[in-house]
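Sequence lines, in order, name chains D and U.
Per the UniProt record's numbering, numbering of the first sequence is gapless, rising by one per residue and ending at 479.
Per the UniProt record's numbering, numbering of the second sequence is gapless, rising by one per residue and ending at 479.
Ideal Cβ positions, reconstructed from N, Cα and C, are used throughout, including at glycine.
Beneath this line is the structure, given in structure tokens, with notes to follow.
2 protein chains.
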Amino acid sequence: MAASAPISKTIYIGPFAHSTSLTTLEIQPLGAIGVDETGTIRFVERNLHGGPDELIASFKASKSAWADAKLVCIKSTTTGFFFPGFIDTHVHAPQHPNTGLFGKTTLLDWLQKYTFPAESSFSDPSVASRVYQNFVSRTLSHGTTTAAYFATIHVPATNTLADICLQRGQRALVGRVCMDSEVSPEYYRDESAEASYQASKASIEYIRSLDPGGVIVQPIITPRFAPSCTSACLSAMGRLAQESNTRVQTHISENKGEIDLVASLFPDQKSYAHVYHAHQLLGPKTILAHCVHLSGMERRLVLESGCKISHCPASNTAITSGCAPIRLLLDEGHTVGLGTDVSGGFSPSILENVRQAVWVSRHLAMQVDSDAVKLSTEEALYLATCGGAAVVGLEDKLGGFEVGKEWDAQMILLGNVGEEGCQDGNFGEGPVDVFGWESWADRVEKWVYAGDDRNTVAVWVRGRLVHRTGRYPGYEETS
Amino acid sequence: MAASAPISKTIYIGPFAHSTSLTTLEIQPLGAIGVDETGTIRFVERNLHGGPDELIASFKASKSAWADAKLVCIKSTTTGFFFPGFIDTHVHAPQHPNTGLFGKTTLLDWLQKYTFPAESSFSDPSVASRVYQNFVSRTLSHGTTTAAYFATIHVPATNTLADICLQRGQRALVGRVCMDSEVSPEYYRDESAEASYQASKASIEYIRSLDPGGVIVQPIITPRFAPSCTSACLSAMGRLAQESNTRVQTHISENKGEIDLVASLFPDQKSYAHVYHAHQLLGPKTILAHCVHLSGMERRLVLESGCKISHCPASNTAITSGCAPIRLLLDEGHTVGLGTDVSGGFSPSILENVRQAVWVSRHLAMQVDSDAVKLSTEEALYLATCGGAAVVGLEDKLGGFEVGKEWDAQMILLGNVGEEGCQDGNFGEGPVDVFGWESWADRVEKWVYAGDDRNTVAVWVRGRLVHRTGRYPGYEETS
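Here it is in structure tokens:
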């Protein structure tokens with residue numbers, strides 16, 4: 001298995017960029033990062049000078065323990081850089097075949113028209129294998145090194161997704177979706193709360209048997225959302241989370257029709273958030289997707305419970321759910337990451353969602369006539385990396401390039417425009433044009449606003465190469 | 001020159017899609033379109049059956065005049081289709097190197113920080129040639145067959161853009177930017193209204209000398225926007241438009257700060273629109289970009305004058321200008337197309353702006369809590385093709401596949417997911433995954449919401465192949 005094959009001690013040489021705080025993106029024009037056989041960063045050197053050969057010689061002389069390390073160099077030090085892997089904190093892998101489809105629907109009719117029919121087909125293991133292989137390839141190709149996946153209600157298909165993530169080396173939280181209420185169609189729901197409990201437990205046990213330390217894959221308890229679960233089912237999931245010490249993910253307050261539905265289904269609860277609270281589902285290991293329309297009371301409850309928030313801006317725009325008030329949530333102290341929410345979201349790319357987070361915040365700014373709510377590029381990149389790491393509980397390991405963290409990273413290469421300009425229209429270097437006069441901040445901004453998966457030429461998880469394109473320059477042995 | 005080389009009579013066989021009204025997208029699962037040596041569509045056959053060889057034999061038998069025609073077939077008739085070329089009704093070619101850069105600015109400071117310095121460098125002809133070659137390659141690669149370009153104030157550089165468009169075979173309206181007021185920096189403005197007039201006249205004459213019929217390139221009078229022109233300069237442009245019977249393009253009502261500035265600069269005028277009206281710049285040959293915040297009085301004046309509107313949704317979101325009320329404008333009877341507005345807009349792709357037009361309309365729908373203002377996919381595609389054709393005055397020639405119109409078209413190929421799903425992450429067929437169960441409407445929607453330039457494998461203008469990628473299957477001779 002890819003995830004268990006040995007890796008080599010490696011020094012990564014080139015420019016790098018990463019977030020050092022919500023508002024600060026450090027850009028190093030030339031650095032070196034040493035990663036050991038466990039995928040852990042052992043040194044980070046900054047402000048280097050000279051060509052690769054000089055640097056290699058100097059490392060050999062100064063760090064005898066690294067004399068036999070492999071080297072990965074970005075030699076085009078004006079158009080390439082290392083960047084932390086993206087963390088997708090909310091994504092429905094089985095909805096991948098519906099990416100880009102939503103027509104004129106909003107949440108509740110979209111579920112019935114597109115989502116439930118697609119997900120129910122995962123009772124067939126060959127469908128699951130085909131879709132999940134393809135989707136893990138897609139997400140890796142966009143630089144997603146960790147994903148919090150919703151699967152379907154099927155235990156075998158859910159386990160297949162965990163198998164594939166482990167085999168491909170993508171960090172994943174994999175959740176069997178739990179739904180037993182009559183809001184879900186008869187053809188696609190658990191038979192009872194007890195059946196939900198047993199099926200989720202079985203999937204948790206299988207995933208833990210695959211990767212007992214939970215280093216690459218771990219299970220996550222996944223009640224779909226309050227309307228699709230009976231109270232008994234939500235209680236069973238709360239109990240299972242306690243018994244098995246497992247993370248929890250669900251949706252909350254995405255759409256106004258959904259909120260009204262929750263109020264009608266759970267008339268005794270003070271709010272949507274209180275429904276989950278009453279069933280022991282809110283806590284520091286809980287990821288709540290959307291949080292578009294939470295009341296002040298709900299936000300306090302979410303904050304006091306220590307829940308984490310997944311912001312899904314592309315989805316919220318595409319299916320007209322609303323503009324989540326991310327500035328407000330950040331100011332209140334919430335932990336926020338980004339989610340693609342495929343296929344409510346129309347793109348498997350967190351980079352696209354970095355842009356969409358900025359656009360949504362600008363739409364909010366236009367509504368309230370205040371620039372203060374705008375997210376900056378730096379802030380959106382922070383949410384995509386460090387914020388996401390905290391949402392999935394891996395903030396000690398992931399998010400930036402610091403000694404002791406692990407090497408989950410992407411190599412980004414941009415395109416160099418020649419002196420004559422491209423005249424045949426075949427832009428083999430992808431969508432970003434660098435003319436040569438740009439500052440480093442400009443180059444990163446060009447990548448953020450004009451880049452795509454073509455610019456992500458290699459991806460590593462825990463020091464292991466898990467994706468590369470034809471542009472990846474490969475290793476150079478030092479010895 | 002590409003634009004004057006002879007072309008062959010050609011039959012295009014495969015699925016096709018195009019707008020037949022604002023709300024109707026016709027999708028033909030298998031058709032054939034015959035294009036003659038002038039690039040004009042001579043027949044459109046629908047509802048065909050059988051494989052390419054059968055179809056070819058049947059055409060030979062039934063249409064003797066087409067026996068010697070070349071054939072371009074889409075053999076993968078479930079993942080490919082012909083679509084009309086996109087029309088970009090508002091784009092600043094010299095701002096191409098700034099694509100994706102805007103930082104924390106809005107319109108007025110963005111102009112000073114990014115735009116004027118970049119544009120002023122076009123006094124150097126080698127800069128102009130490099131940037132314009134590259135940008136025409138970019139826009140063609142995104143399927144843009146016609147563009148209304150703003151150039152810079154420099155006559156030689158503007159003429160170079162016209163040369164390149166003609167040489168590359170892209171239909172273009174090319175405008176020397178006119179700006180003489182003190183709102184423009186001293187280092188980048190015309191010396192006087194008279195100098196503006198003479199320079200614009202010289203560029204018009206040059207462009208007309210290149211292409212006297214204006215078939216591929218034509219000039220367009222381009223006062224930048226009211227604040228950057230003195231009243232004398234605006235008058236001179238109005239006079240020049242009358243004298244030379246030339247189209248006009250400018251900006252209006254993009255940003256609230258700009259509107260206030262216009263009010264302070266032209267205190268005698270009733271509105272921003274009245275500034276242009278008073279200088280004879282409003283009429284059926286005028287393209288007004290943005291129209292985000294027009295008052296009811298202004299919209300009536302624009303409509304009564306017969307002006308056309310370029311909606312630039314990506315730009316309006318990116319530099320926080322506002323949400324143009326497109327549903328209202330359409331309901332009032334305005335003619336609307338889409339513009340990328342590079343580099344206020346962050347993408348040279350009209351397909352991206354189709355999506356952004358939908359997103360902006362959804363943000364408006366969320367603000368006013370009414371689904372009625374949402375643009376449908378069909379409507380956004382109409383704006384990108386037929387709407388744009390009407391904005392640039394070419395509605396009799398462009399926008400759809402009808403007998404008598406010209407063959408400005410793209411071949412779109414999507415990606416087929418294999419039975420095992422892609423497992424190496426190298427998606428050579430681009431970003432759209434077709435699994436095989438999709439309806440034709442689904443496939444087109446997947447392209448709209450998940451596609452990019454990788455799916456545009458060939459582009460024709462007036463029957464001439466002006467762009468192709470490695471996936472383009474090429475011609476097959478019939479004889």
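Please state whether DSSP places residue i in a helix, a strand or coil.
i	result
N47 (chain D)	coil
M237 (chain U)	helix
V91 (chain U)	strand
T99 (chain U)	coil
I309 (chain D)	strand
M1 (chain U)	Summary for M1 (chain U): the model assigns pLDDT 41, below 50, so the residue's position carries little reliability, and this model does not support an answer.
I11 (chain U)	strand
E476 (chain D)	strand
W440 (chain U)	helix
V466 (chain U)	strand
T230 (chain U)	coil
L375 (chain U)	coil
I386 (chain D)	Looking at the sequence provided, one finds Cys at residue 386 (chain D) rather than Ile. Note: C386 (chain D) maps to helix in three-state DSSP.
K75 (chain U)	coil
P84 (chain U)	strand
Q317 (chain D)	Sequence inspection shows Thr at residue 317 (chain D); the Gln mentioned does not correspond to that position. T317 (chain D): helix per DSSP, three-state reduction.
K63 (chain D)	coil
V368 (chain D)	helix
Against chain U, with Cβ distances strictly below 9 Å, would residue i count as a contact?
i	result
Q95 (chain D)	no
S126 (chain D)	yes
C323 (chain D)	yes
V155 (chain D)	no
H279 (chain D)	no
P15 (chain D)	no
C422 (chain D)	yes
T20 (chain D)	no
Y449 (chain D)	yes
T469 (chain D)	yes
Y132 (chain D)	yes
W437 (chain D)	yes
Establish whether the CB of residue i and some CB of chain D are separated by less than 9 Å.
i	result
K63 (chain U)	no
C291 (chain U)	no
residue 487 (chain U)	Outside the displayed span of chain U (1 to 479) sits residue 487 (chain U), for which this structure offers no information.
P6 (chain U)	no
Y382 (chain U)	no
L140 (chain U)	yes
L101 (chain U)	yes
H363 (chain U)	yes
M1 (chain U)	For M1 (chain U), the pLDDT reaches just 41, beneath the cut-off of 50, and the residue's location in the model is therefore unreliable, although a value from the coordinates is still provided. No, because no Cβ of chain D sits closer than 9 Å to the Cβ of M1 (chain U).
Please check the pair residue i and residue j, which I expect to be a contact at CB under 8 Å, by giving their CB distance rounded to whole angstroms.
i	j	result
Y449 (chain U)	S19 (chain U)	17 Å between Cβ atoms; not a contact.
Y132 (chain D)	L161 (chain D)	5 Å
V91 (chain D)	Y12 (chain D)	Their Cβ separation, rounded to whole angstroms, is 27 Å, which puts V91 (chain D) and Y12 (chain D) out of contact at 8 Å.
L330 (chain D)	V302 (chain D)	At roughly 13 Å, the Cβ-Cβ gap does not stay under 8 Å, so L330 (chain D) and V302 (chain D) are not in contact.
K285 (chain D)	R247 (chain D)	4 Å
From the DSSP output, read off the bridge partner residues of residue i.
i	result
E26 (chain U)	U:H18
C223 (chain D)	A quick correction: the sequence has Pro, not Cys, at residue 223 (chain D). Answer is D:C178, bridged to P223 (chain D).
I41 (chain U)	U:V35
A458 (chain U)	U:M411 and U:R468
G337 (chain D)	D:S310
D433 (chain U)	U:G415
R345 (chain U)	Residue identity differs from the one stated: residue 345 (chain U) is Gly in this sequence, not Arg. Answer by DSSP bridge pairing, in chain order: U:V342.
Which residues of chain B have a Cβ atom closer than 9 Å to the Cβ of residue i, listed in chain order?
i	result
M411 (chain D)	The structure shown contains no chain B; the protein chains it does contain are D and U.
Any heavy atom of the ligand COA closer than 8 Å to the Cβ of residue i?
i	result
V275 (chain D)	No copy of the ligand COA occurs in the structure displayed, which carries no ligand at all.
Q: Within the segment 391-427 of chain D, note down every full beta strand (DSSP E) run reaching 3 residues or more, in order along the chain.
A: 409-413
**Q.** alpha helix (DSSP H) runs contained entirely in the segment 106-143 of chain U, provided each spans 4 or more residues
**A.** Every unbroken stretch of the alpha helix (DSSP H) spanning 4 or more residues and falling wholly within the segment 106-143 of chain U is given here in chain order: 107-110, 116-120 and 125-141.
Q: Just list the beta strand (DSSP E) runs in the segment 143-200 of chain D, keeping only unbroken ones of 3 residues or longer that don't cross its boundaries, in chain order.
A: 144-150 and 171-175
Q: Please specify which runs of the beta strand (DSSP E), each continuous and at least 3 residues long, are wholly inside the segment 241-303 of chain D, giving them in chain order.
A: 247-252 and 286-290
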